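Trainee: The sequence shown begins at 9 in this note's numbering and counts up by one.
All residues carry an ideal CB built from backbone N, CA and C; glycine is no exception.
These figures come from a predicted structure and were not determined experimentally.
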Amino acid sequence: MIGFIHAHSTRLYTIAAAALALVAYSVDGLPTGLILALVAAILGTGEAVQRVEDRKTVKALHQEPPALP
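What follows is the structure in structure tokens.
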């Protein structure tokens with residue numbers, strides 16, 4: 009499961025962000041504090057996702073390219 013999350017962290021993040029926006033728009037009467045706390049959590053998660061993607065990019069850049077046929 010951790011491998012799946014690591015491999016697809018950006019996709020999972022976008023699904024969570026879209027779901028949050030949809031719920032915040034669709035559900036009337038949600039407390040503003042709750043929405044702001046969830047937005048802050050999504051922003052923090054975005055930072056973590058960015059770091060994971062940066063590590064994957066650095067790792068890929070330090071590998072030898074595959075041989076061409």
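If we count Cβ pairs, one from each stretch, closer than 8 Å, do we get three or more for the stretch 12 to 20 versus the stretch 58 to 69?
Mentor: At 8 Å Cβ cutoff, the stretches touch.
Trainee: From Pro74, Val66, Ile23, pick the residue whose C-alpha is nearest to that of threonine 53; which is it?
Mentor: The shortest Cα separation from threonine 53 among Pro74, Val66, Ile23 belongs to Ile23.
Trainee: Is glutamine 71 helix, strand or coil when you go by DSSP?
Mentor: Three-state DSSP puts glutamine 71 in coil, outside helix and strand.
Trainee: Just the C-alpha distance for alanine 27 and tyrosine 33, rounded to the nearest angstrom, thanks.
Mentor: If I take the Cα positions, the gap works out to 10 Å.
Trainee: Report yes if the C-beta distance between isoleucine 43 and alanine 25 is below 9 Å; otherwise report no.
Mentor: Taking 9 Å as the Cβ cut-off, isoleucine 43 and alanine 25 do not qualify as a contacting pair.
Trainee: Whole angstroms is fine: what's the gap from isoleucine 13's alpha carbon to glutamate 55's?
Mentor: Roughly 15 Å between the two C-alpha positions.
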